[in-house]
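One structure is given below, encoded as structure tokens.
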Amino acid sequence: MEQNEVVLRAIGILTQSAEWIRSADRGAGPGAGAEPGTEPGAEPGAGNGAGQIGSLLAEVFPSFTVSPEATPLEAAHSVTEAALPPIMQLIGAFTFVFTELARVHDAGRTDITSEELLRELALRMSRPDDPGQ
């Protein structure tokens, strides 16, 4: 998965989390007590949050096998070797988005909300070769 795709998925998760917070702040309205991102009456675990995060992890982390004959140290090295690049990719994506949000916040800008900035970032990341971006 390309880095801009991971960033787009991170933006989607962060955008969804803003909706979860708004829902929680609304309190005991319709669907209160339901999992974030689920419709009232939906099955537990059907929320977009767990689904989005799980889906992202499934797409980013590779499948690999460890030889049954491997020593514990060899198995640990195999897991680290396979997992480290996607972990770094995820950390990079969320760090990039956080830094962009922090930059706007620290500049004291009030002309753009976090959600608007996330939308702007998503548009920019979905067109990485656009020279006008």
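Each number in the numbering used here comes from the position in the sequence shown (counting from 1) with 12 added on.
Backbone N, C-alpha and C define an ideal beta-carbon position, used for all residues, glycine too.
query = So, residue 21 versus residue 68, is the Cβ gap smaller than 8 Å?
reply = The sequence position of residue 21 within the sequence shown is 9, counting from 1. The sequence position of residue 68 within the sequence shown is 56, counting from 1. Against a cut-off of 8 Å, the Cβ pair of residue 68 and residue 21 comes out as a contact.
inquiry  = Please report the straight-line C-alpha distance between residue 53 and residue 25, rounded to a whole angstrom.
reply    = Residue numbering aside, residue 53 sits at position 41 when the sequence shown is read from its first letter. Residue numbering aside, residue 25 sits at position 13 when the sequence shown is read from its first letter. Because the pLDDT of residue 53 is 40, which lies under 50, any placement of that residue in the model is unreliable, and the number read from its coordinates should be weighed accordingly. The alpha-carbon atoms of residue 53 and residue 25 are separated by roughly 22 Å.
task = Please report the Cβ distance between residue 109 and residue 18, rounded to the nearest whole angstrom; I am assuming they are in contact, meaning their Cβ atoms lie under 8 Å.
result = Your numbering for residue 109 matches position 97 in the sequence shown. Your numbering for residue 18 matches position 6 in the sequence shown. A Cβ-Cβ distance of about 10 Å is found for the pair residue 109 and residue 18, leaving them out of contact under the 8 Å criterion.
task = Rounded to whole angstroms, what's the CA-CA distance from residue 94 to residue 39? Just pull it up for me.
result = Sequence index remark: in the sequence shown, residue 94 carries index 82 (1-based). Sequence index remark: in the sequence shown, residue 39 carries index 27 (1-based). Residue 94 and residue 39: Cα-Cα distance of roughly 43 Å.
key: Closest Cα partner of residue 106 within the set 13, 125, 23   = Translated into positions along the sequence shown, residue 106 becomes position 94. Out of 13, 125, 23, 23 has the C-alpha closest to the C-alpha of residue 106.
query = Does the distance from the C-beta atom of residue 30 to that of residue 127 stay below 8 Å?
reply = For the purposes of this step, residue 30 is taken as residue 18 along the sequence shown, with counting starting at 1. For the purposes of this step, residue 127 is taken as residue 115 along the sequence shown, with counting starting at 1. Result yes, Cβ atoms of residue 30 and residue 127 sit closer than 8 Å.
task = Give me the Cα-Cα distance between residue 75 and residue 119, rounded to the nearest whole angstrom.
result = If you number the sequence shown from 1, residue 75 lands on position 63. If you number the sequence shown from 1, residue 119 lands on position 107. Computed Cα separation, rounded: 42 Å.
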